[in-house]
Structures are given as structure tokens and as C-alpha cells.
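Which chain is which? The protein sequence lines are A and B, in order.
Just so you know, this note's numbering puts the end of the first sequence at 222, numbered straight through with nothing missing.
Just so you know, this note's numbering puts the end of the second sequence at 908, numbered straight through with nothing missing.
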Amino acid sequence: MKKDIILAGVGGQGILTIATIIGDAATHAGLNLKQAEVHGMSQRGGDVQSNLRLSTDLIHSDLIKQGAADLIISMEPMEALRYLPFLNNEGWVVTSSHPFKNIPNYPDEEALTTELNALPHVASLPIEDVAKENNLPKSANVVLLGMAAKYIDILTPEQLRESIARVFAAKGEKIVEANQQAFDLGLAAVKQTNPTI
Amino acid sequence: MIERKLLLGDEAIALGAIHAGISGVYAYPGTPSTEITEYIQAHAPEVRSRWCTNEKTAMEAALGMAYAGKRSLVCMKHVGMNVAADAFVNSAITGVNGGLVVLAADDPSMHSSQNEQDSRFYGKFAMIPVLEPSTQQEAYDMMPYAYALSEETKLPVLMRVVTRLAHSRAGVTVREPRPQNSLCPETDRTHWVLLPANARRQYASLVGKQDSLLASSEASPYNHNKSDIRNQTSPLGIIACGIAYNYVMENNPAALGMPVLKVSQYPLPEAAIKALATQCEALLIAEDGQPLVEEQVKSLLGAGYPLKGRLTGDLPRMGELTPDCVGKALGVTIEQPYVQVQNVMPRPPALCQGCGHRDVYDALNKVAAEYEGARIFGDIGCYTLGALPPFRAIDSCVDMGASITMAKGAADAGLFPAIAVIGDSTFTHSGMTGLLDAINDGSNITVIISDNLTTAMTGGQDSAGTNKFEAICLGLGLAPEHVRVVVPLPKNMEEITRIIREEIEYKGVSVIIPRRECMQTLQRKLRNKKK
Chain A
26 MKKDIILAGV GGQGILTIAT IIGDAATHAG LNLKQAEVHG MSQRGGDVQS
76 NLRLSTDLIH SDLIKQGAAD LIISMEPMEA LRYLPFLNNE GWVVTSSHPF
126 KNIPNYPDEE ALTTELNALP HVASLPIEDV AKENNLPKSA NVVLLGMAAK
176 YIDILTPEQL RESIARVFAA KGEKIVEANQ QAFDLGLAAV KQTNPTI
Chain B
378 MIERKLLLGD EAIALGAIHA GISGVYAYPG TPSTEITEYI QAHAPEVRSR
428 WCTNEKTAME AALGMAYAGK RSLVCMKHVG MNVAADAFVN SAITGVNGGL
478 VVLAADDPSM HSSQNEQDSR FYGKFAMIPV LEPSTQQEAY DMMPYAYALS
528 EETKLPVLMR VVTRLAHSRA GVTVREPRPQ NSLCPETDRT HWVLLPANAR
578 RQYASLVGKQ DSLLASSEAS PYNHNKSDIR NQTSPLGIIA CGIAYNYVME
628 NNPAALGMPV LKVSQYPLPE AAIKALATQC EALLIAEDGQ PLVEEQVKSL
678 LGAGYPLKGR LTGDLPRMGE LTPDCVGKAL GVTIEQPYVQ VQNVMPRPPA
728 LCQGCGHRDV YDALNKVAAE YEGARIFGDI GCYTLGALPP FRAIDSCVDM
778 GASITMAKGA ADAGLFPAIA VIGDSTFTHS GMTGLLDAIN DGSNITVIIS
828 DNLTTAMTGG QDSAGTNKFE AICLGLGLAP EHVRVVVPLP KNMEEITRII
878 REEIEYKGVS VIIPRRECMQ TLQRKLRNKK K
């Protein structure tokens, strides 16, 4: 069994934290893992992505092949679309619906939303709003991870929750609780919007 | 004790070096090599690890440690090899006493670089062993191997990695550390004093070692053909170098009936290549970077033997390899259900909000607009992003320090005003010597040292000249009235533009130092304070 995931966003949105949590959970579960990150110039507000590969078998390539990703997790809707050529037929897109506009030629929002929602397997949510409403403004990325948990089915949500505790342990109990709460909000939101799945 | 850790390629190299018993790491930050030194700084207080001013000083310090009998590591990005080249090439002539590993991190596709030069050429040029790991585990395992090889051959060893390995994580099994070497300085002076008579003897010794380096490659555990079908004939065989091995294996060559020779140690294992060629009708050479192996194999097998690779167009001539382009070269087709994507625009990186470089470019653009012939020579760092909208402020960016020297040359040609913009860390890396040239020649240039008190582009490492810039400029001979310091903030715009105008009008060298801390390091400090 394998799970090839593309994490996407804009530099500074916290996709590497999501990668760290999934990576920690996978390591504890004894899975093989490869995770290619972007460091350097692009981190200054440019588009960033990370290829995260989990498998029970040996993984060769650090990069995912085109048309082979099982899941795109994106902090930003346009960035989710950018990596569609990597998605496989049954693959899911889990994304924030809130655009991050730091370029003058950002596409028309309505057209963007229409294109995104026309995909057969998509879950989107204004995660920044959800995080703010619940007084967790810094944990929007973990809300997104919660939304994606169901589709990262090589790991259980409980394994991811435990990993959040380990990853944030150094920052204190309050931060751990806040992030676990954010994770649960994302998890519940997907159940509500897609009750049939 | 055997332990498994999740490590970046860079971290695996760092831990491998620590466990190989290094006593020092010398480096200047440069993507994608920076995290090696950072990891050693954070995890091995017993290892000397202060950032160096540039790659040449780093290479020489590492050689000095090896002279003293201890193991040392020097790390740099590929273009840093150009800066260190004088010391690097001559270190192969002197040879080493304690083990010395030179780590070059190449950047195919130029994710964060000005070119995609392939450091393996430097290894061939210097005639020393080159190692090229495929995986994080290999990167870790190769460090003790590299130090043993270095001490056995008495030569420095070059390890070459690429961005995709440096910045990718995987599980790594780590082993017991080895103690550091004790102090045991070289006693033979003739190896180290490269007067022509000694140098000729040393070079002859280096040439004489080449056969044993080849034998080492032929026997290397990192060069192998493990395919089950290695004894059958096949229409196509594959030579897979370094990380390209992963992309080949991802496409399941065994199922395609293609034997694979993995190459991770150079000089090329010629006997193994000839054996593969005999068994196959053609060979594909998969290597990330430039077609170094392809060219060598062509001369090894003769022009009549059919080869496929970057030179023949079967793989792209430039850019990093991917599992897709390697698959295509092997005849593997892919299914892509979602190819038509419409509402996506490029999102280039930009200077941070509140960054002092922004105010510097606002001021420069204002003043430069008043002079028809104005040219602004840029340099390497975050502030290179001033080339992009909305600023479009710089006219050049070539190599570390070139802003000052190119402004000098252009001014010599009669260009006015010739303005250089250089960051604090880049100035101490390679700008100071050029400034001395300009001062000695009385060149009519205006130099902006945009000082954010850190090496920002690579993540905020210490900058060698912090708190010393005025003293450096005065020491190089600048007139005190033409060393001006300003605080780059919108509210000071009038003062900054006035000072730039005054110094442009001064017919000689002047330096303006806009100084304000990097927003990233400032925010990090505030966060740490809060804790």
C-alpha cells in the first residue's frame, strides 16, 4: 500500500508543518517515507510544494510521477490547481477555499472556484475563517490536515493526532491542545460536508 | 546502538560526518548546502563550526585541519566551488594527512542559483575520487567511507549531491560514532610547499594514484549491477548515476528487461561499463546535471556503440531529471487524467513586507529616474528579487561581489552614474577586494551596502562583517565623509534620496550603508523572547 501526497501553498503558510506531522506519524507507524521539500528563494512568498510519499514498500524516487498522486493538500485554491497534472484518476484535492492574492494577475475568483468544484473528488473549506472563529488563528494549517486525515488512509486519524502531540510538545501543552482541537475541527468538517463518504 | 532517524539529505550528510569523527566543518551558507553546517552546529558542540567569510577561506581552513591530522569537512553550493577552486585543485596536489571531504551541493534546474554547473567536473579536473549518493541512507553511510578513502589515498574526496537529495527526507539507520583523530601534524614539508620542483613531484604522485582510484571504483560497494537479469542479453542497459538511480528504479527496469549499473563512485568503473555494454545492444545514461558520464562512456565504448542520454535528446539537455522524463526515455507511458488546468498563474517570490531592501529600492528608483544613463549593478541575495516587479530596480546580477567590480568597469568606460547594490554578507564574501580596487583607482561609483545584519537568503546565518562595515570601508581607504549610514524606513525617504544624490554627484568612490535588521530574524527573535 502507498500514499503519494502533494502539499502545496504559498511560502510561509505552514505546509512544512503539515509535512512534519504526517512524517512523524508515518515514522512511528513504521512506514517507509520520502519527503522532498522546497527551501531557499521560493520561500519568500512564492509558490511552494512538497512531495510526500508513504508506503509499506521500498520507495525509490523522491519525486512523485505525473498522474500518480493520491492526494493534493493545499493551503490555497490556485495552488491546488497548479499540481492537478500530478493527480491520479481516483485522487482527492483537499484545499483551503480562501485565495492568497500576492500577485497582480490572480485569476478570476469565480472561475477558479468553478474549476475547482468541477473536480470529481474535492473537499474545500475556508480554513482561515474556521480557525479564527474558534480562536485558533495560527492553526489553519492543522485544520486542513484534519480535513485531509480521512484521505491519508495509510494512517489513522488517531495516529496523526498523537503525532501532533509529539511535534508541538516543545511548545507546551496549550499549543498541543489548540492544534489537536484544530485537527478535530477539520476532521469533523469533512464528515459533515461529505456525509456519504 | 542502531537507531533510525528521519533526516534531510543534508542532515544525513552532517550526521554521517559527525559519526565519522570530524573535528571541524567549514562553510559559507548556500542553497542547497546550508543545512549540513546548521545541523552540525546544533548537534555537535565538539566540532568547530563557525560560518566562514567565503568558500575559499572555508576550503583552506579545512585543508589546514587535515594538515594537522584531523578529519575536516567543507561544504558549499556548486557555484561556491568556483570561489574555492584555487585551494580545491591544489589540495589534490598537496594531498592530505587527516581525512578531508569536500561537499558540493549542485542545483540542477537552478531552483536557487545562477547556473547548473556540475561539480563532478571539478572532481575529474582535480583527479580525485568523487562520491555521489543516491539516497539519504547512502549519504550517511558514505561519510565514514569517504574519510577512510581520503586517509587511505591521502587525497581529498569530493562528495556531490543535488538539491533533490539535499532537501528530501527519508529514514536513515545510524551507527556508533567513531572518535576524532588526535593532533598529528604533517612532518614532511615537501608535500606542502608547492614550489615548482615539489609541485611537479606531487603532481606525478597524483597521476600515479589514478590506477588505484580506478581499482577502488571497480570494487566500490556503491557501484553495482544487482539486476537479476545482469547475465542475460538485453536491447537496452542503463547506467544510473547518483539520484538518477532512484528515477530509473521508480520505472521498474527489471520488468522492462533492462539491467542497471548503479554508479555512485568515480572515476567511472570502466570494466563494469564495458561488461554491461557487451551484454546490451545500447546503453541509456541517466545522470542529473551535465552529460559528464555520457561523454566519457562515448569515448570508452567508441563512436559506433549506440548511446542514449542528454546529448542524444532521449533525456532533456538541461534541468533536473524526474521519474517522468526518465520513464519516457525507457518507453514507459503515463496516464494523466487532469492535464487541462486553466486558472493558474505563476507566483514568483518577493521581498518580505516591511523588508529594508524595499525602502532601499524605492529610494534608488526615485533617484535613478533623475539620471538618464543610470545603471544599478546588483548582487546575490534576497535583494536580487529587486529585479522583479514592482521594483525592476537592478540591471545585473552575476556572481558574489560582481556589483562593485562591474560598476567600476562600467564607470571606467564612462557610464554615469554607476551604482552598486550589495548585501552585508556578500560584501564580506567577495565585495571588499573589489572596493579596494575602486578606491585605489579613484573610480566614480556609488556603492550601497544594504545591511540587514544577517545572511538572510539562506535563512539568517551570522554575517561575517556585522558591526564592522564602517571600519572596513575606512580601513580600505575611503574618505570618512563618503561613508554614509541611513535607516531604510519610508519616513526617512527624503534623507535617503538626498544622500544618494549627494554621493552620486561626488566624483569618486562613496559607500552608503542602509542598515535595518531583516524582518525574518527580527520576528524570530521576538517569538523566542515571548517563549
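All C-beta atoms, glycine included, are put in the ideal place defined by N, C-alpha and C.
Keep in mind it's a predicted model, so treat the numbers as computed, not measured.
- request: Would you mind telling me which residues of chain B sit closer than 7 Å to A190 (chain A), beta carbon to beta carbon, in chain order?
  value: Translated into the one-based positions of the first sequence, residue 190 (chain A) becomes position 165. None at all; the shortest Cβ gap to chain B is about 17 Å.
message: Count Cβ pairs between the region 615-633 of chain B and the region 568-587 of chain B that sit closer than 8 Å; are there 3 or more?
response: The region 615-633 of chain B and the region 568-587 of chain B do not touch, with fewer than 3 CB-CB distances between them shorter than 8 Å.
task: Determine the closest residue to T610 (chain B) out of B:L633, B:Y622, B:F502, B:S597, with distance taken between C-alpha atoms.
output: What you label residue 610 (chain B) is simply residue 233 of the second sequence in a count that begins at 1. Ranking B:L633, B:Y622, B:F502, B:S597 by CA distance to the CA of T610 (chain B) puts B:L633 first.
query: In terms of residues, what are the limits of the beta strand (DSSP E) holding E380 (chain B)?
result: The count along the second sequence starts at 1 and reaches residue 380 (chain B) at position 3. Unbroken beta strand (DSSP E) run through E380 (chain B): 380-385.
Contact list for P510 (chain B) against chain A, beta-carbon separation under 8 Å: Residue 510 (chain B) sits at position 133 when you count from the first residue of the second sequence. For P510 (chain B), no chain A residue has a Cβ inside 8 Å of its Cβ, as the nearest lies near 12 Å away.
query: Counting Cβ pairs, one atom from each stretch, are 3 or more of them under 8 Å apart for the region 188-205 of chain A and the region 61-80 of chain A?
result: Not touching, per the Cβ criterion.
- request: Count the other C-beta atoms from every protein chain shown that fall within 10 angstroms of the C-beta of D839 (chain B), then say buried if there are 16 or more, exposed otherwise.
  value: By 1-based counting over the second sequence, the position of residue 839 (chain B) is 462. The residue in question, D839 (chain B), is exposed, as its Cβ has fewer than 16 Cβ neighbours within 10 Å.
query: Counting contacts by CB-CB distance shorter than 8 Å, is M103 (chain A) in contact with chain B?
result: Taking the first residue of the first sequence as position 1, residue 103 (chain A) is located at position 78. Yes, M103 (chain A) lies at the interface with chain B (some Cβ there is under 8 Å from its Cβ).
query: Would S887 (chain B) pass as a contact of E894 (chain B) if the rule is Cβ separation under 8 Å?
result: As a first step, residue 887 (chain B) must be located in the second sequence, where it is residue number 510. As a first step, residue 894 (chain B) must be located in the second sequence, where it is residue number 517. Not in contact: S887 (chain B) and E894 (chain B) (Cβ atoms no closer than 8 Å).
query: Nearest chain C C-beta to I128 (chain A) closer than 8 Å, yes or no?
result: Protein chains in the displayed structure are A and B, and chain C is not among them.
- request: Report, in whole angstroms, the separation of the C-beta atoms of N492 (chain B) and G446 (chain B), which I expect to be a contact under 8 Å.
  value: Taking the first residue of the second sequence as 1, we reach residue 492 (chain B) at position 115. Taking the first residue of the second sequence as 1, we reach residue 446 (chain B) at position 69. Rounded, the Cβ-Cβ distance is 37 Å, inconsistent with contact.
query: In terms of DSSP beta bridges, what is G34 (chain A) paired with?
result: What you label residue 34 (chain A) is simply residue 9 of the first sequence in a count that begins at 1. In the DSSP output, where bridge partners are listed per residue, G34 (chain A) has A:V73.
query: Buried or exposed: where does F502 (chain B) fall if 16 or more other Cβ atoms within 10 Å of its Cβ makes it buried?
result: Here residue 502 (chain B) refers to the residue found at position 125 when the second sequence is read from its first residue. It counts as exposed.
message: Please report the distance separating the alpha-carbon of T430 (chain B) from that of H806 (chain B).
response: Against the second sequence, residue 430 (chain B) aligns to sequence position 53. Against the second sequence, residue 806 (chain B) aligns to sequence position 429. Cα atoms of T430 (chain B) and H806 (chain B): separation of roughly 5 Å, rounded to the nearest angstrom.
field: Extent of the continuous beta strand (DSSP E) to which C657 (chain B) belongs
entry: Your numbering for residue 657 (chain B) matches position 280 in the second sequence. Membership of C657 (chain B) in the beta strand (DSSP E) is indicated by the continuous run 657-663.
message: Taking DSSP's pairing of strands, which residues face P891 (chain B) in a bridge?
response: Sequence index remark: in the second sequence, residue 891 (chain B) carries index 514 (1-based). B:V863, per the DSSP bridge assignment.
- request: Check the Cβ of D701 (chain B) against every Cβ in chain A and list those closer than 7 Å, keeping chain order.
  value: Position 324 of the second sequence, counted from the start, is the residue given in the question as residue 701 (chain B). Those are K90, Q91, listed as they occur along chain A.
- prompt: Can you list, in chain order, the residues of its chain whose CB lies under 6 Å from that of N127 (chain A), leaving out five sequence neighbours each side?
  reply: Working through the first sequence from its first residue, we reach residue 127 (chain A) at position 102. So the list reads G70, once near-sequence residues are dropped.
- prompt: K767 (chain B) and S827 (chain B): beta carbons closer than 8 Å?
  reply: Here residue 767 (chain B) is taken as the residue at index 390 of the second sequence, counted from 1. Here residue 827 (chain B) is taken as the residue at index 450 of the second sequence, counted from 1. Correcting the residue identity first, residue 767 (chain B) is Pro in this sequence and not Lys. Not in contact: P767 (chain B) and S827 (chain B) (Cβ atoms no closer than 8 Å).
query: Going along the region 50-73 of chain A in order, which residues come within less than 8 Å of chain B, judged by CB to CB distance?
result: Residues T52, N57, L58, K59, Q60, A61, E62, V63, H64, G65, M66, S67, Q68, R69, G70, G71, D72.
query: Taking the C-alpha atoms as reference points, what is the distance between V824 (chain B) and K675 (chain B)?
result: Reading the second sequence from its first residue, position 447 is the one you call residue 824 (chain B). Reading the second sequence from its first residue, position 298 is the one you call residue 675 (chain B). Distance from the CA of V824 (chain B) to the CA of K675 (chain B), rounded to the nearest whole angstrom, comes to 49 Å.
3-residue-minimum beta strand (DSSP E) runs that sit fully inside the region 457-507 of chain B, ordered along the chain: List check, beta strand (DSSP E) in window: 477-483.
field: Which listed residue (A:A33, A:I40, A:L170) has its alpha carbon closest to that of L109 (chain A)
entry: By 1-based counting over the first sequence, the position of residue 109 (chain A) is 84. Comparing alpha-carbon positions, the option among A:A33, A:I40, A:L170 lying closest to L109 (chain A) turns out to be A:A33.
message: Going by the DSSP bridge assignment, what does K651 (chain B) pair with across the sheet?
response: Sequence index remark: in the second sequence, residue 651 (chain B) carries index 274 (1-based). K651 (chain B) is not bridged to any residue.
- request: Could you tell me the distance, in whole angstroms, from the CA atom of G48 (chain A) to the CA atom of K603 (chain B)?
  value: Walking along the first sequence from the start, residue 48 (chain A) turns up at place 23. Walking along the second sequence from the start, residue 603 (chain B) turns up at place 226. Taking the straight line from one Cα to the other gives about 30 Å.
query: Got a sec: is the Cβ-Cβ distance from H544 (chain B) to anything in chain A below 8 Å?
result: To locate residue 544 (chain B), count along the second sequence from 1; it is residue 167. With its beta carbon less than 8 Å from one in chain A, H544 (chain B) belongs to the interface.
field: Proximity test, Cβ basis, 8 Å: E388 (chain B) and chain A
entry: Locating residue 388 (chain B) in the second sequence gives position 11, counting from the first residue. Closer than 8 Å: no.
- prompt: Which residues mark the beginning and the end of the beta strand (DSSP E) in which P612 (chain B) is found?
  reply: In the second sequence, the residue the question calls residue 612 (chain B) occupies position 235. It spans 611-618 - the beta strand (DSSP E) in which P612 (chain B) sits, taken as one unbroken run.
task: Assess, as a yes-or-no matter, whether the region 846-855 of chain B is touched by the region 809-817 of chain B under the definition of 3 or more beta carbon pairs within less than 8 Å.
output: Remark: three or more beta-carbon pairs, one from each stretch, lie closer than 8 Å, so the region 809-817 of chain B and the region 846-855 of chain B are flagged as touching.
Between the CA atoms of L58 (chain A) and T81 (chain A) - distance to the nearest angstrom: The sequence position of residue 81 (chain A) within the first sequence is 56, counting from 1. The sequence position of residue 58 (chain A) within the first sequence is 33, counting from 1. Roughly 9 Å between the two C-alpha positions.
- prompt: Hey, how far is the Cα of D772 (chain B) from the Cα of P668 (chain B)?
  reply: In the second sequence, the residue the question calls residue 772 (chain B) occupies position 395. In the second sequence, the residue the question calls residue 668 (chain B) occupies position 291. One Cα belongs to D772 (chain B), the other to P668 (chain B), and the distance between them is close to 32 Å.
task: Ignoring anything shorter than 3 residues or poking outside the region 497-577 of chain B, list the beta strand (DSSP E) runs there in chain order.
output: Listed in chain order, they are 534-539, 545-551.
query: How would you call T221 (chain A), buried or exposed, if buried means at least 16 neighbouring beta carbons within 10 angstroms?
result: Working through the first sequence from its first residue, we reach residue 221 (chain A) at position 196. Annotation note: pLDDT 47 at T221 (chain A) (below 50); position unreliable, coordinate value reported separately. Here T221 (chain A) is exposed. Its C-beta has fewer than 16 other C-beta atoms within 10 Å.
message: Under 8 Å, Cβ to Cβ, is there at least one residue of chain A near Q713 (chain B)?
response: Translated into positions along the second sequence, residue 713 (chain B) becomes position 336. Taking Cβ atoms only, chain A reaches closer than 8 Å to Q713 (chain B), which makes this a yes.
- request: For L762 (chain B), decide whether its Cβ has a neighbour in chain A, counting only Cβ atoms nearer than 8 Å.
  value: On the second sequence, position 385 is the one that residue 762 (chain B) refers to. With 8 Å as the cut-off, L762 (chain B) counts as an interface residue toward chain A.
query: Which of the residues in the region 401-415 of chain B, read from start to end, lie with their CB under 7 Å from any CB of chain A?
result: So the list reads T408, P409, given in the order they occur along the chain.
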